[in-house]
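Numbering follows numbering that gives the first Met the number 0, with no gaps: position 52 of the sequence shown is 51. Cβ coordinates follow ideal geometry from the N, Cα and C atoms, glycine included. First comes the structure, then the notes that go with it.
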Amino acid sequence: MHNIVLIGMPGVGKSTVGVILAKILGYQFVDADILIQEQEGRLLSEIISEEGVDGFVAIENRVNGSIEADRTVIATGGSVVYGKEAMEHLGRIGTVVYLKLSYEELAKRLSNIKGRGVVLREDQTLMDLYEERTPLYEKYADIVVDEEGLGVEETIEGIIEKMDEGLYKRTDC
Ligand SMILES: Nc1ncnc2c1ncn2[C@@H]1O[C@H](COP(=O)(O)OP(=O)(O)O)[C@@H](O)[C@H]1O
Ligand SMILES: O=C(O)C1=C[C@@H](OP(=O)(O)O)[C@@H](O)[C@H](O)C1
Ligand SMILES: [Mg+2]
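Pasting the structure below:
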């Protein structure tokens, strides 16, 4: 079995890069955010406002923790790393790739992509979120790809290069 699981802050490009990477590799593509919406019959923004941050994280943990896939690129949502069961499952079924971007670059990107809904607790700033999550992304990553200064295509090349270097695990389950 082999899957590629993209993790990282909202706006790093997990969804954008994931679908193109899947085409290049001949893999399937799954966006976990879309899976959550489908299974819940609600938009992410509706789930967050109706269930609150903790409720959303619990649903995200459950949905990601039960993904069954092979030869698939899985683009997760940025908050998936709060779900221990989800991350353990994803780590078992695939190579976890952390798309890393500096806070400064991310802040620029996120100013243009508002409205997507980010799991921010009361009084939490984007910087707080960045500092809280960075250790979690690093902890769960098999591979880290720094996309600072890179375009979408170069980021994809970076992922493929690191995979080709063999710095990743294949899973047999
Ligand atoms: N190097 C890059 N890699 C990925 N996305 C990039 C890059 N540079 C700019 N972008 C833009 O950043 C945005 C990423 O959005 P998205 O793929 O939805 O991120 P995520 O799924 O991680 O939240 C897109 O508008 C994309 O065009
Ligand atoms: O990081 C977050 O808190 C979130 C990121 C979103 O996905 P993307 O990372 O694909 O933007 C989505 O899962 C949800 O709105 C919460
Ligand atoms: Mg996404």
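query: Relative to the C-alpha of residue 37, which residue among 16, 63, 48 is closest?; result: 63
query: When you get a sec, list the residues whose CB is within less than 5 Å of any heavy atom of ligand 2, chain order please.; result: 9, 32, 43, 76, 77, 78, 116, 117, 118
query: Apply the 10 Å Cβ neighbour rule to residue 134 and answer buried if 16 or more other Cβ atoms are within range, or exposed otherwise.; result: exposed
query: Helix, strand or coil: how does DSSP classify residue 97 here?; result: strand
query: For residue 73 and residue 29, which I take to be in contact (beta-carbon distance under 8 Å), what is that distance rounded to the nearest angstrom?; result: 5 Å
query: Could you spell out the range, first to last residue, of the beta strand (DSSP E) harbouring residue 133?; result: Careful: residue 133 lies outside any beta strand (DSSP E), inside the alpha helix (DSSP H) at 125-139.
query: Hey, residue 129 and residue 86: beta-carbon distance below 8 Å or not?; result: no
query: So which of 1, 19, 0 has the shortest CA-CA distance to residue 153?; result: 19
query: Quick one: grab the DSSP three-state call for residue 68.; result: coil
query: In the structure shown, what three-state DSSP assignment does residue 145 receive?; result: strand
query: Would you list, in sequence order, the uninterrupted alpha helix (DSSP H) runs of no fewer than 4 residues that lie entirely inside the stretch 14-48?; result: 31-39
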